[in-house]
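Residue numbers (this note's numbering), protein chains in the order written: chain L, 66 to 275; chain G, 66 to 275; chain X, 66 to 275; chain C, 66 to 275.
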């Protein structure tokens, strides 16, 4: 493992363990990736079927643009690697993070018929890349889930082209995908979007007394 | 303690402490077991009445197929050991985990009259053994609770035979039972089912504004 | 500090830090005590106004039956020490724990007009001293809060005599008081009652779809 | 770094990491400050855009009364530094803390048209400076959010003069500001107000069965 890959692997594993503590990647769900090289494309990717609460740096795989494992690991890369690759390609992202939280899962269902939901007016939106004011309307597209990973990757690419300003999207009854220029920014985006989804979800049930 | 038992005991204790952090085994509730040997049957079993937030490997007992403590401990095995033994026998499970979470407790009541609840369409279902698509309907049976452990064990055996594909069941106003080929899989099943129960529970109260 | 006091102080401090993590004793609220001696009465007591998330063994005070600090500390004992002393006297308790959780605070208000609430049918009730079946009805009395500590202590004593089987009580818009033969049992009682209060509180808002 | 600044920086960073664990400063949101000197004014201030879950003492900046960084750091001070400075000036506060929690964000919206909300009758209120009884009505003003920091600072100053007894205020769809004579008291105020906001928020949705 090169120094750079070792550092990235360590950060990815730590990020995964932190997400697991919050209940965002329970039961081996979710996946995390970060770009190691662009030409040729090399991604550090979380392995399939591993408890993310105990994920270690040495378990992080390196995959190529065909999602094949090119590092010296016998593990299988995440099934959703093609989605990560497609997002890296379309957006030039430096890291892609996918969580399965309660609120993202629920709102992906509640707003599925609208094809997405708009989140507006929250100061928290300012932490999203390029957003400088709370008077911003963030459209979070919702895609139907699918086990056909090729079709889903195409659907993701379409969505990213249609919504060039989107910072993430939801897969119905599945979870949240977001990304960033680097892992730190991607992590920030996860925290912000998960926060906003919970705020919107809870606000839908809020009333006011007196 | 043999190496194998020591390792199993350590993992069981760590799993218990993790569940306690999440609030899934508060107040000495819940129990955890893992198969050490099959012929004769020997299970590593959590002791009765111990704070699972402080559970140590050396406190894990070894019991036989009659739920008698055969290790050198003066503690009492969990009262629910017969249920663990029955599940290991019926399903060939390698580990059985029983949690007392808020959401499993509440939904076990809400859906008791239906004898169970169906959980469908969630990507999270794919983490359950043998499930390969989110387009899966998981039936989680609900059994009436009882202090007659022999009758309850028979009831559990009946349920397991009637629902050969079930990955778990609920005891009314009591909690969740699930299992796996090994402790890692059982733990994954707990996390997935607890997540899904919370998702279903919260979805029942969700509305949509605008 | 004698060995026994040192051990009790260490356990009390650890219990406090654990409760703080769960959000049960935020903002220096709550108090914890354990009996060190009975004749004369000596209690280990948490100090007033200290962040329980950072409470250390050396900060635990020793008080007498008049709630006067008899250890070599310049800190003030909790204002509610008289309540702890009264419970120890009335019930022969070995430890008394008082938490300020969201759910205990809310239910203490919801059911105040009834003077208490009944919690029934939950397996979790079996962790309460003397309770052997889930088919148990636990009456949790609710007392009006007061800043007159002498009057409140009398009110507590009355309640304990009227409800000899009660394992705890709520102070309206204040929190939960419970106790045990020793700190381990008191801690178990806190976890069980806090769990049950959340279960009842959430069940009140639960609906069922389909 | 002087000893005093080093100690303050260490406490600020630890406080930030604790708030991040609770989900109160996710996605680099929120800011924390503490007075190091008054003549001239020197504040220890959290840097802009840093993950507060990993904030270290050496990252804490020192700023002057113009919010300029006067310590040897290349980082940028929080955009909201002028608000901290204004609160320190108006109230003589020794520390100012700003969190972005779910409940403060939601209630800041629910009660915005009323210009604030009254929180009464909770024992938890006694932890607020100068409050000696639960029979206290705490008015928490709500200000409209703005990206014009100068205007917002003036608005904050007006609010503080109009509500001399207020222990904090909310910025709409933004979060909570509170302060204290020192960091320990400010932290206590955050915990108390966050607790009360959650209690009020959940109470609005509570019903009672039977």
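Where is the CB? At the ideal position from N, CA and C, for every residue including glycine.
On the CB-based measure, 16 or more other CB atoms within 10 Å of its CB, does residue i come out buried or exposed?
i	result
residue 105/X	exposed
residue 141/G	exposed
residue 227/C	exposed
residue 183/X	exposed
residue 174/C	buried
residue 180/C	exposed
residue 139/G	exposed
residue 264/C	buried
residue 121/C	exposed
residue 209/X	exposed
residue 240/L	buried
residue 275/G	Model confidence at residue 275/G stands at a pLDDT of 46, short of 50, so the residue's coordinates are unreliable; what they give is reported in the following sentence. Label assigned to residue 275/G: exposed.
residue 229/C	exposed
residue 157/G	exposed
residue 256/G	buried
Check whether the Cβ atoms of residue i and residue j lie closer than 8 Å to each other.
i	j	result
residue 188/G	residue 232/G	no
residue 78/L	residue 125/L	yes
residue 84/G	residue 170/G	no
residue 117/G	residue 74/G	no
residue 92/L	residue 192/G	yes
residue 238/L	residue 186/G	yes
residue 162/C	residue 243/C	yes
residue 235/L	residue 190/L	no
residue 217/C	residue 76/C	no
residue 97/L	residue 113/L	no
Mind listing the chain C neighbours of residue i? Cutoff is C-beta to C-beta under 8 Å, in chain order.
i	result
residue 253/L	92, 93, 116
residue 270/L	270
residue 104/L	What residue 104/L touches in chain C: nothing, since even the nearest Cβ is about 29 Å away.
Hey, how far is the Cα of residue i from the Cα of residue j?
i	j	result
residue 201/C	residue 213/X	15 Å
residue 68/C	residue 127/L	45 Å
residue 215/C	residue 246/L	31 Å
residue 194/L	residue 198/C	46 Å
residue 123/L	residue 99/G	27 Å
residue 222/X	residue 88/X	28 Å
residue 103/X	residue 72/X	17 Å
residue 108/X	residue 101/X	5 Å
residue 168/L	residue 260/G	11 Å
residue 252/X	residue 219/G	34 Å
residue 154/L	residue 224/G	50 Å
residue 176/C	residue 148/G	51 Å
residue 166/C	residue 115/G	35 Å
residue 86/L	residue 262/C	24 Å
residue 70/X	residue 137/X	13 Å
residue 250/X	residue 145/X	21 Å
residue 207/C	residue 258/C	14 Å
residue 211/C	residue 196/L	14 Å
residue 135/C	residue 143/C	14 Å
residue 119/L	residue 178/G	39 Å
residue 90/C	residue 90/G	28 Å
Taking residue i as the query, report the chain C residues whose CB atoms sit under 7 Å from its CB, ordered along the chain.
i	result
residue 99/L	The premise fails here: residue 99/L is roughly 15 Å from chain C at the closest Cβ pair, so nothing lies under 7 Å.
residue 256/L	91, 92
So which residues on chain G does residue i lean against when the C-beta distance must stay under 7 Å?
i	result
residue 238/L	186, 187, 188, 199
Please list, in chain order, the chain L residues whose beta carbon lies closer than 8 Å to that of residue i.
i	result
residue 249/G	116
Using a cut-off of 7 Å between C-beta atoms, extract the partners of residue i located in chain X.
i	result
residue 210/G	188, 199
List the residues of chain L that residue i touches, going by C-beta distances under 9 Å, in chain order.
i	result
residue 167/C	260, 263, 264, 267
Residues of chain G with CB closer than 9 Å to the CB of residue i, please, in chain order.
i	result
residue 110/L	Result: empty, since nearest Cβ-Cβ is about 18 Å, beyond 9 Å.
Which residues in chain G sit within 8 Å of residue i, going by Cβ to Cβ distance?
i	result
residue 171/L	264, 267, 268, 271
Are the segment 113–133 of chain G and the segment 259–270 of chain L touching by the rule of at least three beta carbon pairs closer than 8 Å? no
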